[in-house]
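Right, one structure below, let's go through it.
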Amino acid sequence: MTSKPSSRKQLARLRRHQVPAWWTDAKLGIFIHWTLAAVPAFAPRESEYKELLIEKQHDAFSLSPYVEWYENSLRFPGSPVANFHREHFGDAPYSSFAPIFESGLDSWDPEQWAAQFAATGARYVVLVAKHHDGYCLWPSDVPNPHRPGWNSSRDIVGELADAVRAQSMRFGIYYSGGLDWTFCNTPMGSLGSLMAAVPQGDYPAYAEAQVRELIERYQPSVLWNDIAWPQRGPSLWKLFADYYEVVPDGVVNDRWMPYNAAFRLAKSSLGRSLIDRVIARQTEAAGGLVPPKPPYFDVRTPEYVTFPTIQRTPFECVRGMDHSFGYNAASTPEDFISRDDLLWLLTDITAKGGNLLLNVGPRGRDAQIPDEQQERLAWLAGWSPTTARALQGTRPFTQPGTETPEGAPLRYATRGRAIYAILQHPGREATLTGVHASPTSTVTDSGGSPLNWRASDQGLVVQLGDRGMAAEPVVVVIHDGHARSGS
Numbered sequence: 001m002t003s004k005p006s007s008r009k010q011l012a013r014l015r016r017h018q019v020p021a022w023w024t025d026a027k028l029g030i031f032i033h034w035t036l037a038a039v040p041a042f043a044p045r046e047s048e049y050k051e052l053l054i055e056k057q058h059d060a061f062s063l064s065p066y067v068e069w070y071e072n073s074l075r076f077p078g079s080p081v082a083n084f085h086r087e088h089f090g091d092a093p094y095s096s097f098a099p100i101f102e103s104g105l106d107s108w109d110p111e112q113w114a115a116q117f118a119a120t121g122a123r124y125v126v127l128v129a130k131h132h133d134g135y136c137l138w139p140s141d142v143p144n145p146h147r148p149g150w151n152s153s154r155d156i157v158g159e160l161a162d163a164v165r166a167q168s169m170r171f172g173i174y175y176s177g178g179l180d181w182t183f184c185n186t187p188m189g190s191l192g193s194l195m196a197a198v199p200q201g202d203y204p205a206y207a208e209a210q211v212r213e214l215i216e217r218y219q220p221s222v223l224w225n226d227i228a229w230p231q232r233g234p235s236l237w238k239l240f241a242d243y244y245e246v247v248p249d250g251v252v253n254d255r256w257m258p259y260n261a262a263f264r265l266a267k268s269s270l271g272r273s274l275i276d277r278v279i280a281r282q283t284e285a286a287g288g289l290v291p292p293k294p295p296y297f298d299v300r301t302p303e304y305v306t307f308p309t310i311q312r313t314p315f316e317c318v319r320g321m322d323h324s325f326g327y328n329a330a331s332t333p334e335d336f337i338s339r340d341d342l343l344w345l346l347t348d349i350t351a352k353g354g355n356l357l358l359n360v361g362p363r364g365r366d367a368q369i370p371d372e373q374q375e376r377l378a379w380l381a382g383w384s385p386t387t388a389r390a391l392q393g394t395r396p397f398t399q400p401g402t403e404t405p406e407g408a409p410l411r412y413a414t415r416g417r418a419i420y421a422i423l424q425h426p427g428r429e430a431t432l433t434g435v436h437a438s439p440t441s442t443v444t445d446s447g448g449s450p451l452n453w454r455a456s457d458q459g460l461v462v463q464l465g466d467r468g469m470a471a472e473p474v475v476v477v478i479h480d481g482h483a484r485s486g487s
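Just so it is clear: in the sequence shown, position 285 is 285 by UniProt numbering, and no numbers are missing.
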């Protein structure tokens, strides 16, 4: 009779936790998916994940463009992954990739990675410590009862945590709490079958013990779960409370849906079909995957999609540089996000109150970041001196912005008494329709150099000169400005 009130009290206490300023100020984080699947490094690239959820509801995961789902896709005879595996590896099991991965660690330099991530302006790094294949990137003291020794001998989590923190960034940990294919190896074709495959039995205690081990050993600033959580609510609320005791300014994401009746519904074919249809409609309406809200979380995590408007709830858009999080050797140049799209994505997300968690997928054979991904990190690093001043620490303006009368995309952010206007390819003159400046206001570029401006009926007209012809987005700072009436 006392469990429900106790659970409500636990939730009430958790909800007093505030998302820390370090996270809200950050704007950019780096995600790292580095699993055994990065050894074969193959997934079909013809369809994006969201398209599969909408158009191929019942067998989406057999065709997944996510390399890290390789072991599941392999279980579907005739799937692209099964055909690839048979051609290149014969009947070798997925576990045969572990020695290759381990051998590649001889070439791994965590300090180099951390320096490269810091150069982009990223303020935090989240490493996948255990993905759905169950392989742990730290020498866990929690034994896997179904696959003993299923972990790296080198403490990848600990070494990267030290390197990241040495660069004055925060370190976070991803853990797949909802799936572990060493506990449940049923092939999953759809999200309904995924929900049915959340392990029970001896798995919930195993998952909790591992997460507690990660918290105690590494004190992650971000605790990033995926899919769901195999325990019911009260146990999870206690886990969160204990985490905040260790890391008071920690952050948890929104993929901690506790095990409930919906997961039991997914055990039936009718239930799975219903779940698939509902998720397909939701994905189509949102333009991508937006996880359902669990009873407690700090930040939302839309995947390969962002929100159209300013959000009051903190959010973090997660995506890879191509169609996969894990390294896909089959990706072509056309599959990767372009320079314009990447820099503008970060700008757009910032203007709406969120962060971008951009994924890096290193190779599994030699522990190196592929050239195509390094190029994109370099684009961010080249723009970092500007964005660090214009984006980090800002909050949304009264409106995110649309475009100038001249047709240049425009976004706004604000910090203190300054308004930051970020424009994409504006040309030598741009009209800022959302802001107003008084005769005593000053307008500068991001480096503090003054810009000539004048007021017009449409807004603030700023002379950018050659700055407006730059390849990267251009930042204009209006000091002591305010929102234009009617904007």
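By construction, the Cβ of each residue, glycine as well, lies at the ideal position given by its N, Cα and C atoms.
On a predicted model such as this, the values are computed, not experimentally measured, just so you know.
So, with DSSP's three-state summary, where would you put V278?
The residue given as residue 278 occupies position 278 in the sequence shown. Helix.
If I'm right that H58 touches G189 with Cβ under 8 Å, what's the distance once you round it to whole angstroms?
Against the sequence shown, residue 58 aligns to sequence position 58. Against the sequence shown, residue 189 aligns to sequence position 189. 6 Å between Cβ atoms; contact.
Give, in chain order, every unbroken run of the beta strand (DSSP E) that is at least 3 residues long and sits entirely within the stretch 384-455.
The beta strand (DSSP E) runs lying completely inside the stretch 384-455 and spanning 3 residues or more are 410-415, 418-423, 429-432, 442-445 and 453-455, given in chain order.
With 16 other CB atoms within 10 Å as the buried threshold, where does residue 493 fall?
Any question about residue 493 goes unanswered here, given that the chain covers just 1 to 487.
Could you please give me the residues that DSSP links to K130 through a beta bridge?
Your numbering for residue 130 matches position 130 in the sequence shown. In the DSSP output, where bridge partners are listed per residue, K130 has C136 and Y175.
Distance, E316 Cα to P302 Cα:
Position 302 of the sequence shown, counted from the start, is the residue given in the question as residue 302. Position 316 of the sequence shown, counted from the start, is the residue given in the question as residue 316. Roughly 7 Å between the two C-alpha positions.
Taking the alpha-carbon positions, what's the Q282 to S107 distance?
What you label residue 282 is simply residue 282 of the sequence shown in a count that begins at 1. What you label residue 107 is simply residue 107 of the sequence shown in a count that begins at 1. Q282 and S107: Cα-Cα distance of roughly 43 Å.
Quick check: the Cα distance between G427 and T433, rounded to an integer number of angstroms?
Residue 427 sits at position 427 when you count from the first residue of the sequence shown. Residue 433 sits at position 433 when you count from the first residue of the sequence shown. Approximately 16 Å, taken between the alpha carbons.
E111 by DSSP, collapsed to three states: which one?
Residue mapping note: residue 111 aligns to position 111 of the sequence shown, counting from 1. In the three-state scheme derived from DSSP, where H, G and I count as helix and E and B as strand, E111 is classed as helix.
Going residue by residue through the stretch 209-285, where are the continuous alpha helix (DSSP H) segments of at least 4 residues, counting only ones entirely within it?
Listed in chain order, they are 233-246 and 261-265.
Euclidean distance between Cα positions of F183 and S64:
One-based indexing of the sequence shown puts residue 183 at position 183. One-based indexing of the sequence shown puts residue 64 at position 64. Each residue's CA atom was taken as its position, placing F183 and S64 some 21 Å apart.
Short check: CB of V475 to CB of A430, under 9 Å?
By one-based count along the sequence shown, residue 475 stands at place 475. By one-based count along the sequence shown, residue 430 stands at place 430. No.
Please report the distance separating the alpha-carbon of residue 488 from that of P199.
Lying outside 1 to 487, the shown extent of the chain, residue 488 is not represented and no answer is given.
Does DSSP put S487 in a helix, a strand or coil?
Within the sequence shown, residue 487 is the residue found at index 487, counting from 1. Note that S487 has pLDDT 49, beneath the 50 cutoff, so the model's placement of it is unreliable and the number below is only indicative. Residue state for S487 is assigned as coil, using DSSP reduced to three classes.
Cβ neighbour criterion (16 or more within 10 Å) applied to Q231
Locating residue 231 in the sequence shown gives position 231, where the first residue counts as 1. Q231 comes out buried.
Does the count of Cβ pairs from the stretch 247-256 and the stretch 219-235 closer than 8 Å reach three?
With the cut-off at 8 Å, the stretch 247-256 and the stretch 219-235 touch.
Starting from the C-beta of R75, find all residues in its chain whose C-beta is less than 7 Å away, skip the five residues before and the five after it, and write them out in chain order.
Counting from 1 along the sequence shown, the entry for residue 75 is found at position 75. Excluding its 5 nearest sequence neighbours in each direction, R75 has C-beta neighbours in its own chain below 7 Å: P187, listed in chain order.
Between A129 and the rest of its own chain, which residues show a CB-CB distance below 7 Å, the 5 nearest in sequence each way excluded?
On the sequence shown, position 129 is the one that residue 129 refers to. Cβ-Cβ distances below 7 Å link A129 to C136, L137, W138, V157, I173, Y174, Y175 and L214 in the same chain, with the five nearest sequence neighbours on each side left out; the list follows chain order.
Would you give the residue range spanned by the alpha helix (DSSP H) that F76 belongs to?
The residue you call residue 76 lines up with position 76 of the sequence shown. Element bounds for F76: n/a, residue is neither H nor E.
Span of the alpha helix (DSSP H) around R339
Within the sequence shown, residue 339 is the residue found at index 339, counting from 1. Here the alpha helix (DSSP H) through R339 covers R339 to A351.
E208: buried (16+ other C-beta within 10 angstroms of its C-beta) or exposed?
Against the sequence shown, residue 208 aligns to sequence position 208. Per the 10 Å Cβ criterion, buried.
Between T414 and R389, how many whole angstroms is the CB-CB distance? I'm expecting something under 8 Å.
As a working note, residue 414 is residue 414 in the sequence shown. As a working note, residue 389 is residue 389 in the sequence shown. Not really, about 13 Å apart at Cβ, beyond 8 Å.
For a quick check, are the C-beta atoms of A408 and L423 less than 9 Å apart?
Indexing the sequence shown from 1 puts residue 408 at position 408. Indexing the sequence shown from 1 puts residue 423 at position 423. It is a contact, given that the beta carbons lie within the stated cut-off.
Hey, A37 and E68: beta-carbon distance below 9 Å or not?
For the purposes of this step, residue 37 is identified with residue 37 of the sequence shown, where counting begins at 1. For the purposes of this step, residue 68 is identified with residue 68 of the sequence shown, where counting begins at 1. Less than 9 Å divides the Cβ of A37 from the Cβ of E68.
Taking the alpha carbon of E375 as the reference point, which residue from F42, P295 and P333 has its own alpha carbon closest?
Here residue 375 is taken as the residue at index 375 of the sequence shown, counted from 1. Nearest neighbour of E375 by Cα position, chosen from F42, P295 and P333, turns out to be P333.
Once DSSP output is grouped into helix, strand and coil, what is the label at R300?
In the sequence shown, counting from the first residue as 1, residue 300 sits at position 300. DSSP places R300 in the strand class (E or B) of the three-state scheme.
C-alpha gap between R8 and Q373, whole angstroms:
One-based indexing of the sequence shown puts residue 8 at position 8. One-based indexing of the sequence shown puts residue 373 at position 373. Straight-line spacing of the CA atoms in R8 and Q373 works out to 45 Å.
L377 beta carbon less than 9 Å from that of A119:
Your numbering for residue 119 matches position 119 in the sequence shown. Your numbering for residue 377 matches position 377 in the sequence shown. Closer than 9 Å, so yes.
With distances taken from CA atoms, which of Q167, G134, A163 and L160 is nearest N151?
Here the question's residue 151 lines up with position 151 in the sequence shown. When only C-alpha atoms are compared, the closest one is G134.
Taking only three categories from DSSP, how would you classify Y124?
Stepping through the sequence shown from its first residue, residue 124 is reached at position 124. Strand, per DSSP.
With DSSP as the reference, please indicate the residues paired to R86 in a beta bridge.
Numbered from its first residue, the sequence shown carries residue 86 at position 86. Paired residue(s): none; R86 is not in a bridge.
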